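S.K.: Just so you know, the sequence shown maps onto residues 1 to 427 in the UniProt record's numbering.
Glycine included, every Cβ here is placed at the ideal spot set by N, Cα and C.
Since the structure is predicted, the reported quantities are computational estimates derived from the model, not experimental observations.
Attaching a single structure in structure tokens format; questions to follow.
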Amino acid sequence: MPWRETSYLLGREPNCIGRARNWATFHPVAAVLLSILGLLLVVTVVVVPTEWVEISGGTPPACSKGGVAAVMSGPSRGTGEAEPFLSIFSGDAKHGELIAATKKYELLPQAWRDFEVVPDVNFGTPEPRWKSVAVVDSSATRLFMFGGLTGTAYPADVWTMAPDEDGNAIWSFVEFEGSAAVAPGRKAAAAVNIGGTMLVFGGKWCEISKKGKEKHCKELGDLWTLDLESLSTWEKLWEFAEGSSSPDTGGPSPRHGHSATVATIEDEQGRVTDYMVVFAGRADAGYYNDVWAWNTRARKWEDWTPGSAHPTPAKRDHHHVASPQGKRMVLFGGRGDPDTEKHQHKNSNVLGDLWEFDYKKRKWEAIQPSAGRKPSARFLADFAEHEETLLVFGGDEESGKGGRLDDLWQLNLTTYAWTELHQGLRC
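Right, dumping it as structure tokens:
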């Protein structure tokens, strides 16, 4: 094919542009409108954010508060060792919707994963709920969940969840014999595992209608225990008696929204005693910041509340705690006392402070976290302890409606440095 001279085309206007200019000359109004629409399209593409899905980190649970969390051991992937993961179940989501999703956050690859749920053959899976309590066994391969509040009931049920070799979540309902003692249903109690038994203290119970309306509410001040091996019957260890103040029968007053940790203390004779340490919470009369310890050896309460001369955290409920090596309690956040005559939630202060309580010295110390980013103040987050760290998921950063979160943070309990494992949303 012979060469063709094309240099004359350089600098010439394409025919399409020329035609467009002629059209605009005879249709000025339409040309202006099209220009505006084009500009809006460009601004939309550049400015308006699209909805991103984080692939590497997985999809977290819904923004929620008041679920249960525990660090468990999952099946080995050829390494010969069990792999740890954070298990999250249930909670109160946006607009008060109760959820029943079972999710896990794998701590080694640091990613959210969905559980394939295997229901109980006869009873299915737990109803959506919030403010339940849960503990894991000594091997961290089995979770035990008790109570909470569904939309229309305070179930006194006990469920177990264990991952199988394929990583599925196996739910099982615990059936008690007809003659067995059963702890009454409740919400916002506190529980620990000491020596293979689950200890549950306090909480709140109300009469509730089919529409979810609560009335005649009662703060609970009882202490129950359940053997996690036999799962045969509950045993009531203690109950608060109004007007009781003697050292042998005294103990924490009825409350809900408190916390519980395990303290392990060796005395001068070398005897080691485990304690269930209860801190703060609230009742209709107001909020607390006292510290009580259940001596499992003597089977009685000890008042560990520091004197007024020592610094003390603000009164609060729905806070988050850890107990590294059973030597001290680390406290983060919660919902604080509004310091008004009427203790409505709308007047409460959402807290983001850090404190440390030495079990032996029985003294508090305010902690300043290491430099860097840190989570917003919050309460009712799902939290769990793992190898000198405290994991905190979600929660609520407003004392009124709204403010639920789905971010995940890790606090180093040695350096007090925060790390954001998953950047979430405010719903």
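Which of helix, strand or coil does DSSP assign to N193?
M.R.: By one-based count along the sequence shown, residue 193 stands at place 193. In the three-state reduction of the DSSP assignment, N193 falls in the strand class, which pools E and B.
S.K.: Restricting to Cα atoms, I'd like to know which of E356, K361, S376 and K360 is closest to Q368.
M.R.: The residue given as residue 368 occupies position 368 in the sequence shown. Per the Cα distances, E356.
S.K.: Rounded to a whole number of angstroms, what is the C-alpha to C-alpha distance between E175 and T225?
M.R.: As a working note, residue 175 is residue 175 in the sequence shown. As a working note, residue 225 is residue 225 in the sequence shown. Each residue's alpha carbon lies about 16 Å from the other.
S.K.: Alpha carbons only, please: which of M161, R129, A70 and V135 is nearest the one belonging to residue 460?
M.R.: The structure shown does not extend to residue 460, since the chain is modelled only from 1 to 427, so the question has no answer here.
S.K.: If you reduce the DSSP assignment to three classes, tell me which class P338 lands in.
M.R.: Along the sequence shown, one-based indexing puts residue 338 at 338. DSSP places P338 in coil when its eight states are reduced to three.
S.K.: From D407 to D382, what does the alpha carbon distance come to, in whole angstroms?
M.R.: Indexing the sequence shown from 1 puts residue 407 at position 407. Indexing the sequence shown from 1 puts residue 382 at position 382. Going from the Cα of D407 to the Cα of D382 covers about 11 Å.
S.K.: Taking three-plus beta-carbon pairs below 8 Å as touching, is the stretch 184-198 in contact with the stretch 256-273?
M.R.: yes
S.K.: Where do the ends of the beta strand (DSSP E) carrying E388 lie?
M.R.: Position 388 of the sequence shown, counting from 1, holds the residue named residue 388. Taken as a continuous stretch (DSSP letters only), E388 belongs to no beta strand (DSSP E), as it is neither H nor E.
S.K.: Would you kindly work out how many angstroms separate the C-alpha atoms of K65 and H95, rounded to a whole number?
M.R.: The sequence position of residue 65 within the sequence shown is 65, counting from 1. The sequence position of residue 95 within the sequence shown is 95, counting from 1. Each residue's alpha carbon lies about 12 Å from the other.
S.K.: Give me the residue from T389, D358 and R335 with the minimum Cα distance to S348.
M.R.: The residue you call residue 348 lines up with position 348 of the sequence shown. Taking only the C-alpha atoms, the option nearest S348 is R335.
S.K.: Do G212 and R186 have their beta-carbon atoms positioned less than 8 Å apart in this structure?
M.R.: Numbered from its first residue, the sequence shown carries residue 186 at position 186. Numbered from its first residue, the sequence shown carries residue 212 at position 212. Their beta carbons are not under 8 Å apart, which means R186 does not touch G212 by this criterion.
S.K.: Can you give me the C-alpha to C-alpha distance between V158 and G196, rounded to a whole angstrom?
M.R.: Position 158 of the sequence shown, counting from 1, holds the residue named residue 158. Position 196 of the sequence shown, counting from 1, holds the residue named residue 196. So the alpha carbons of these two residues sit roughly 16 Å apart.
S.K.: Please name the residue or residues paired with S172 in a DSSP beta bridge.
M.R.: Taking the sequence shown and counting its residues from 1, one reaches residue 172 at position 172. Paired residue(s): T160.
S.K.: CA-CA distance, R282 and S253?
M.R.: Your numbering for residue 282 matches position 282 in the sequence shown. Your numbering for residue 253 matches position 253 in the sequence shown. Their backbone Cα atoms lie some 10 Å apart in a straight line.
S.K.: What residues match up with V182 in a beta bridge as DSSP calls it?
M.R.: For this step, residue 182 is matched to residue 182 along the sequence shown. Beta-bridge pairing by DSSP links V182 to no other residue.
S.K.: Classify S87 as buried or exposed, calling it buried when 16 or more other Cβ atoms lie within 10 Å of its own Cβ.
M.R.: In the sequence shown, the residue the question calls residue 87 occupies position 87. By the neighbour-count rule (16 or more Cβ atoms within 10 Å), S87 is buried.
S.K.: Check whether the Cβ atoms of F123 and F173 sit closer than 8 Å, and answer yes or no.
M.R.: As a first step, residue 123 is located in the sequence shown; it is residue number 123 there, counting from the start. As a first step, residue 173 is located in the sequence shown; it is residue number 173 there, counting from the start. In contact: F123 and F173 (Cβ atoms closer than 8 Å).
S.K.: For chain D, find out if any of its Cβ atoms is closer than 8 Å to the Cβ of V192; answer yes or no.
M.R.: Annotation note: the requested chain D is absent from the structure, which comprises a single protein chain.
S.K.: For P109, is the classification buried or exposed, using 16 other Cβ atoms within 10 angstroms of its Cβ as the cut-off for buried?
M.R.: Counting from 1 along the sequence shown, the entry for residue 109 is found at position 109. Exposed, since its Cβ has fewer than 16 Cβ neighbours within 10 Å.
S.K.: Residues in the same chain with beta-carbon distance under 6 Å from E127, minus the five sequence neighbours each way, listed in chain order, please.
M.R.: As a first step, residue 127 is located in the sequence shown; it is residue number 127 there, counting from the start. If we look at E127 and ignore the five residues flanking it on each side, its Cβ neighbours are T150.
S.K.: Please list the terminal residues of the continuous beta strand (DSSP E) segment that includes residue 451.
M.R.: Here the chain comprises residues numbered 1 to 427, so residue 451 is not present and cannot be evaluated.
S.K.: Just to confirm my understanding: we take M161, look at its own chain, exclude 5 residues before and 5 after, and list those with CB closer than 6 Å. What are they?
M.R.: The residue labelled residue 161 in the question sits at position 161 within the sequence shown. Once the five neighbours on either side are set aside, the close Cβ partners of M161 are L143, A169 and W171.
S.K.: Start and end of the beta strand (DSSP E) containing residue 513?
M.R.: As shown, the chain starts at 1 and ends at 427. That puts residue 513 outside it, with no answer to give.
S.K.: Counting only the same chain and skipping the five closest in sequence on each side, list residues whose C-beta sits under 6 Å from that of T415.
M.R.: The residue labelled residue 415 in the question sits at position 415 within the sequence shown. Only S370 meet the Cβ criterion.
S.K.: Indicate the three-state DSSP secondary structure (helix, strand or coil) for Q325 in the structure shown.
M.R.: Taking the sequence shown and counting its residues from 1, one reaches residue 325 at position 325. The answer is helix: DSSP assigns Q325 an H, G or I state.
S.K.: Is D407 helix, strand or coil when you go by DSSP?
M.R.: Numbered from its first residue, the sequence shown carries residue 407 at position 407. It is a strand residue.
S.K.: Taking Cβ to Cβ, would you say E116 is nearer than 8 Å to E83?
M.R.: Taking the first residue of the sequence shown as 1, we reach residue 116 at position 116. Taking the first residue of the sequence shown as 1, we reach residue 83 at position 83. No.
S.K.: Within a Cβ cutoff of 6 Å, which residues of the same chain sit near V321, ignoring the five residues on either side of it in sequence?
M.R.: Start at 1 with the first residue of the sequence shown, and residue 321 comes out as number 321. S259, T261, M329 and L331.
S.K.: In angstroms, rounded to a whole number, what distance separates the CA positions of G307 and Y288?
M.R.: On the sequence shown, position 307 is the one that residue 307 refers to. On the sequence shown, position 288 is the one that residue 288 refers to. Going by the C-alpha atoms only, they are around 14 Å apart.
S.K.: Report the rounded CA-to-CA distance for E207 versus H216, giving the unit in angstroms.
M.R.: As a working note, residue 207 is residue 207 in the sequence shown. As a working note, residue 216 is residue 216 in the sequence shown. Cα to Cα, E207 sits roughly 6 Å from H216.
S.K.: Which residues bound the beta strand (DSSP E) around T225?
M.R.: On the sequence shown, residue 225 is found 225 positions in, with the first residue counted as 1. Per DSSP, T225 belongs to the beta strand (DSSP E) from E214 to D227.
S.K.: Should K104 go down as buried or exposed, given a rule of 16 or more other Cβ atoms within 10 Å for buried?
M.R.: For the purposes of this step, residue 104 is taken as the residue at position 104 of the sequence shown. Residue burial annotation: K104 is buried, with at least 16 other C-beta atoms found within 10 angstroms of its C-beta.
S.K.: Does DSSP put H318 in a helix, in a strand, or in coil?
M.R.: Reading the sequence shown from its first residue, position 318 is the one you call residue 318. Three-state DSSP puts H318 in coil, outside helix and strand.
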